[in-house]
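Q: I'd like to ask you about the structure that follows.
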Amino acid sequence: MAFLAYTQWSTAPCRGNFAVSKRKNMKTKQTIAVIGASGSMGSAISKNLSKGNYRLLLCSNEQGKLKATVQDIKKSNPSADVETIDCSREATWEADIIIVAVPFRAEQEVVKKIKEVANQKIVVSIANPLNATYDGLVTAPDTSAAEELQKLLPNSKVVKAFNTTFAADFTTPVIDGKQVDSFIAGDDEEALQTVSELVKTVGFNPIVAGKLPVSRILENMQFLLIQLGMKYNYNWLAGWKILHK
Ligand SMILES: NC(=O)c1ccc[n+]([C@@H]2O[C@H](COP(=O)([O-])OP(=O)(O)OC[C@H]3O[C@@H](n4cnc5c(N)ncnc54)[C@H](OP(=O)(O)O)[C@@H]3O)[C@@H](O)[C@H]2O)c1
Numbered sequence: 053m054a055f056l057a058y059t060q061w062s063t064a065p066c067r068g069n070f071a072v073s074k075r076k077n078m079k080t081k082q083t084i085a086v087i088g089a090s091g092s093m094g095s096a097i098s099k100n101l102s103k104g105n106y107r108l109l110l111c112s113n114e115q116g117k118l119k120a121t122v123q124d125i126k127k128s129n130p131s132a133d134v135e136t137i138d139c140s141r142e143a144t145w146e147a148d149i150i151i152v153a154v155p156f157r158a159e160q161e162v163v164k165k166i167k168e169v170a171n172q173k174i175v176v177s178i179a180n181p182l183n184a185t186y187d188g189l190v191t192a193p194d195t196s197a198a199e200e201l202q203k204l205l206p207n208s209k210v211v212k213a214f215n216t217t218f219a220a221d222f223t224t225p226v227i228d229g230k231q232v233d234s235f236i237a238g239d240d241e242e243a244l245q246t247v248s249e250l251v252k253t254v255g256f257n258p259i260v261a262g263k264l265p266v267s268r269i270l271e272n273m274q275f276l277l278i279q280l281g282m283k284y285n286y287n288w289l290a291g292w293k294i295l296h297k
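Residue numbering for the sequence shown follows the working numbering, starting at 53 and increasing by one per position.
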């Protein structure tokens with residue numbers, strides 16, 4: 053899926069009316085920064101997004117670890133527009149959309165680096181704020197990882213997405229013949245639509261569940277799925293599906 057990104061052109065030098073109107077009608081790529089792209093989720097999201105019309109900027113704590121992610125992407129999709137970048141600040145500055153694919157406890161540190169340059173941008177919160185023993189959430193009941201991220205980035209458009217799917221689901225987004233649903237929450241309509249397209253591109257069925265506080269439910273849903281997965285041995289390949297007429 054391609055997007056019209058007029059804003060990218062607005063600062064470009066004009067070379068006459070024809071060039072301007074041609075540019076306005078061109079579908080341009082959106083640039084996505086994936087912070088934590090060497091991890092299970094970051095690499096899975098990057099690999100699947102590379103099949104879409106996106107430019108991907110990958111970064112993590114240790115750049116060396118990203119080689120494997122890039123090789124894996126290029127192996128399955130040689131024409132993928134993907135590069136590594138050694139600073140989350142630089143990646144965020146260039147990006148239209150930022151996916152924060154790091155553990156919840158690392159988000160404050162990441163935010164310090166990207167705060168200034170993430171203004172007005174879409175920031176995707178994928179975190180499930182689980183405790184160390186996986187038997188509870190570290191966030192209070194009246195908040196969520198996504199809302200905490202929004203507080204830290206008040207001028208960004210935080211959207212909750214990808215938290216209700218396991219990393220393994222990205223290789224198998226259709227389980228038992230059913231396309232896994234992937235829930236999205238946020239306060240900005242346009243950002244929700246943009247993130248819905250990302251979810252479609254990676255292979256899941258996007259469902260906009262509500263405003264950002266709905267993230268509390270979404271994060272608890274994944275907590276429940278983890279508990280059930282451990283109890284019934286789902287082997288980390290499980291997802292949610294709403295059955296309806
Ligand atoms: N795994 C799942 O199935 C799943 C499902 C839904 C949501 N999630 C959520 O997705 C997020 C990532 O989980 P994961 O399982 O992919 O974890 P992971 O495999 O441990 O990967 C974490 C990634 O974050 C990077 N990172 C850690 N601290 C950082 C920092 N201070 N600055 C920049 N990068 C940093 C790591 O980079 P280095 O390797 O270079 O340290 C690595 O790329 C978590 O919030 C988790 O709750 C996970």
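Cβ coordinates follow ideal geometry from the N, Cα and C atoms, glycine included.
Every value quoted in this text rests on a predicted model; they were computed, and no experiment measured them.
(1) Taking C111 as the reference, give the member of A153, K81, L276 with the closest Cα.
(2) Measuring only from the beta carbon, is M282 closer than 7 Å to any heavy atom that is part of ligand 1?
(3) Going by C-alpha to C-alpha distance, which of P225, E146, D138 sits closest to K293?
(4) Among the residues of its own chain, which have a CB less than 7 Å from the CB of D239, if the five just before and after it don't count?
(5) So, helix, strand or coil for C66, using DSSP?
(6) Any idea what DSSP makes of G291, helix, strand or coil?
(7) Hey, would you say T144 sits closer than 8 Å to A170, going by beta carbons?
(8) Compare the C-alpha of T3 against each of D124, N180, S177, V211 and name the closest.
(9) Can you say whether L295 is buried or exposed, counting buried as having 16 or more other CB atoms within 10 angstroms of its CB?
(10) Which same chain residues, not among the five before or five after G88, have their C-beta less than 6 Å away from its C-beta?
(11) Note down the Cα distance separating Y186 from A261, rounded to an integer number of angstroms.
(12) Whose C-beta lies closer than 8 Å to the C-beta of N183 among residues of the same chain, with five residues either side of it excluded?
(13) Mind checking which residues open and close the alpha helix (DSSP H) that includes N272?
(14) How is the beta strand (DSSP E) around N257 delimited, first residue to last?
A: A quick look at the data gives this:
(1) As a first step, residue 111 must be located in the sequence shown, where it is residue number 59. Measuring C-alpha to C-alpha distances from C111 to each of A153, K81, L276 identifies A153 as the nearest.
(2) Here residue 282 refers to the residue found at position 230 of the sequence shown. The answer is no for M282.
(3) Residue numbering aside, residue 293 sits at position 241 when the sequence shown is read from its first letter. The candidate whose alpha carbon is nearest that of K293 is P225.
(4) As a working note, residue 239 is residue 187 in the sequence shown. Excluding residues up to 5 positions away in sequence, K263, L264 lie with their Cβ nearer than 7 Å to the Cβ of D239 in the same chain.
(5) Here residue 66 refers to the residue found at position 14 when the sequence shown is read from its first residue. Residue placement at C66 is poorly supported in this model, since its pLDDT is 33, which falls under 50; the coordinates still yield a value, given next. Three-state DSSP puts C66 in coil, outside helix and strand.
(6) Counted from its first residue, the sequence shown places residue 291 at position 239. The DSSP-derived three-state label of G291 is coil.
(7) Numbered from its first residue, the sequence shown carries residue 144 at position 92. Numbered from its first residue, the sequence shown carries residue 170 at position 118. Contact annotation: T144 and A170 have beta-carbon atoms nearer than 8 Å.
(8) Residue 3 falls outside the range modelled here, since the chain spans only 53 to 297, and no answer is possible.
(9) Position 243 of the sequence shown, counted from the first residue, corresponds to residue 295. So L295 ends up on the exposed side.
(10) For the purposes of this step, residue 88 is taken as the residue at position 36 of the sequence shown. The answer, listed in chain order, is G94, S112, A153, V154.
(11) Along the sequence shown, read from residue 1 onward, the residue named residue 186 stands at position 134. Along the sequence shown, read from residue 1 onward, the residue named residue 261 stands at position 209. The C-alpha of Y186 lies about 25 Å from the C-alpha of A261.
(12) Against the sequence shown, residue 183 aligns to sequence position 131. These residues qualify, in order along the chain: L189, V190.
(13) Position 220 of the sequence shown, counted from the first residue, corresponds to residue 272. For N272, the uninterrupted alpha helix (DSSP H) run begins and ends at 267-284, by DSSP.
(14) Taking the sequence shown and counting its residues from 1, one reaches residue 257 at position 205. From DSSP, the beta strand (DSSP E) with N257 extends over 257-262.
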